[in-house]
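Data first, discussion second: the structure below is written as structure tokens.
Residue numbers (the UniProt record's numbering): 1 to 291.
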């Protein structure tokens, strides 16, 4: 798909090398080049160790790149620090796999969501209190949630609260790093539906990172496939099955099909067993009536 707009985020030849003991090194990112366009959801998929989470940490400046450029709205933000970095982090938010890691266990959910509104001087006082309630409702949580502590919420509810905090500062971009991986399937689907809905309503650009190709395909416009620190292929999500060429992408697709086939087979066996049990009950009932 051709894009008439300029990218809101561009990664140019991004490299990240870790130094190990014994003068050894590991190249976690190898000349990665990607663009994210306004309003787009770019999916990044790859196995553990592919570099996808390292990429997210570099984009959000949780780690420094070894070389290359990170450009936001055509400005080089690769080496930002101090006040400039703090302001930049408002524009590029991140939602992690395990939300518990970022909660203060002694801080109520309302205060957790309100904190960045105050810190970034977006609003204060009663206005901030009302905004917290609005944000809670926006992510499907009740107003009563504001007075609860993190341990009183389920995993899905905690992730919704983190998303509420992220969208509250009105960022341009949100990165979701395995944001649904720790949730059970039904809750995972609810969060995915929420992300799709929020994107339609807010127009926020997003990068959705996961090892699960089926999940990535569900929410993304384009999919970047990472393997051993490199982006080996970028494909339109809707054309993945017809245009994917790289062997690793094909292997991911095959594994998704295998899992789906297994789920269908298990479901069919379950239905067959239930039908047999029902038939046995009918047979026993008929025998008792005839006796």
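Glycine residues also receive a C-beta, built at the ideal position from the N, C-alpha and C atoms.
Quantities reported herein were computed from a predicted structural model and do not represent experimental measurements.
Checklist entry - In terms of residue numbering, what span does the alpha helix (DSSP H) encompassing residue 216 cover? => result As a first step, residue 216 is located in the chain shown; it is residue number 216 there, counting from the start. Run containing residue 216: 213-219, per the alpha helix (DSSP H) assignment.
Item to check | At least three beta-carbon pairs within less than 8 Å, the region 150-162 to the region 65-85 | outcome: At 8 Å Cβ cutoff, the stretches do not touch.
Checklist entry - What are the start and end residues of each continuous alpha helix (DSSP H) run of 4 or more residues lying completely inside the region 52-83, in chain order? => result Assignment of alpha helix (DSSP H) within the region 52-83, counting only whole runs of 4 or more residues, yields 52-59 in chain order.
Checklist entry - In chain order, what residues of the same chain have a beta carbon less than 6 Å from the beta carbon of residue 43, not counting five sequence neighbours either side? => result On the chain shown, position 43 is the one that residue 43 refers to. Around residue 43, the same chain offers 208, 216, 220 and 223 as residues with beta carbons nearer than 6 Å, after the five sequence neighbours per side are excluded.
Checklist entry - Considering only residues of the same chain and omitting the five flanking positions on each side of residue 218, which have a CB-CB separation below 7 Å? => result Counting from 1 along the chain shown, the entry for residue 218 is found at position 218. Residues 192 of the same chain have their beta carbon placed closer than 7 Å to that of residue 218, with the five preceding and five following residues left out of the count.
Checklist entry - Are there 16 or more other CB atoms within 10 angstroms of the CB of residue 259, so buried, or fewer, so exposed? => result Here residue 259 refers to the residue found at position 259 when the chain shown is read from its first residue. Low per-residue confidence applies at residue 259: pLDDT is 44, beneath 50, and the placement is therefore not dependable enough to give any value.
Item to check | Beta-ladder partner(s) of residue 208, from DSSP | outcome: Taking the chain shown and counting its residues from 1, the one referred to as residue 208 is at position 208. Residue 208 pairs with 43 and 176.
Item to check | Selected residue, minimal CA-CA separation from residue 125, among 111, 275, 190 and 81 | outcome: Here the question's residue 125 lines up with position 125 in the chain shown. When each option's Cα is compared against that of residue 125, the closest is 111.
Checklist entry - Roughly how many whole angstroms lie between the Cα atoms of residue 134 and residue 146? => result Locating residue 134 in the chain shown gives position 134, counting from the first residue. Locating residue 146 in the chain shown gives position 146, counting from the first residue. Cα-Cα distance, rounded: 11 Å.
Next on the checklist: Is it the case that the region 99-114 contacts the region 186-206, given that we only count it when at least three CB pairs across the two stretches are under 8 Å?
Outcome noted: The region 186-206 makes no contact with the region 99-114; the number of CB pairs closer than 8 Å stays below 3.
Next on the checklist: Report the CB separation of residue 97 from residue 179 in whole angstroms; it is logged as a contact under 8 Å.
Outcome noted: Within the chain shown, the letter at position 97 stands for residue 97. Within the chain shown, the letter at position 179 stands for residue 179. Confirmed, about 6 Å.
Item to check | Alpha carbon of residue 27 to alpha carbon of residue 16, nearest angstrom | outcome: Taking the first residue of the chain shown as 1, we reach residue 27 at position 27. Taking the first residue of the chain shown as 1, we reach residue 16 at position 16. Rounded to the nearest angstrom, the gap between the Cα atoms of residue 27 and residue 16 is 6 Å.
Item to check | 8 Å Cβ cutoff met for residue 171 and residue 204 | outcome: As a position in the chain shown, residue 171 is number 171, starting the count at 1. As a position in the chain shown, residue 204 is number 204, starting the count at 1. One thing to note: residue 171 has its Cβ within 8 Å of the Cβ of residue 204.
Checklist entry - Hey, how far is the Cα of residue 130 from the Cα of residue 102? => result Locating residue 130 in the chain shown gives position 130, counting from the first residue. Locating residue 102 in the chain shown gives position 102, counting from the first residue. Annotation: residue 130 to residue 102 spans about 23 Å, alpha carbon to alpha carbon.
Next on the checklist: Which same chain residues end up closer than 6 Å to residue 162 when comparing Cβ atoms and leaving out the 5 residues on each side of it in sequence?
Outcome noted: Working through the chain shown from its first residue, we reach residue 162 at position 162. Counting only Cβ-Cβ distances below 6 Å, and skipping sequence neighbours, we find 95 and 99.
Checklist entry - Where DSSP assigns a beta bridge to residue 226, which residues make up the other side? => result Your numbering for residue 226 matches position 226 in the chain shown. Per DSSP, 231.
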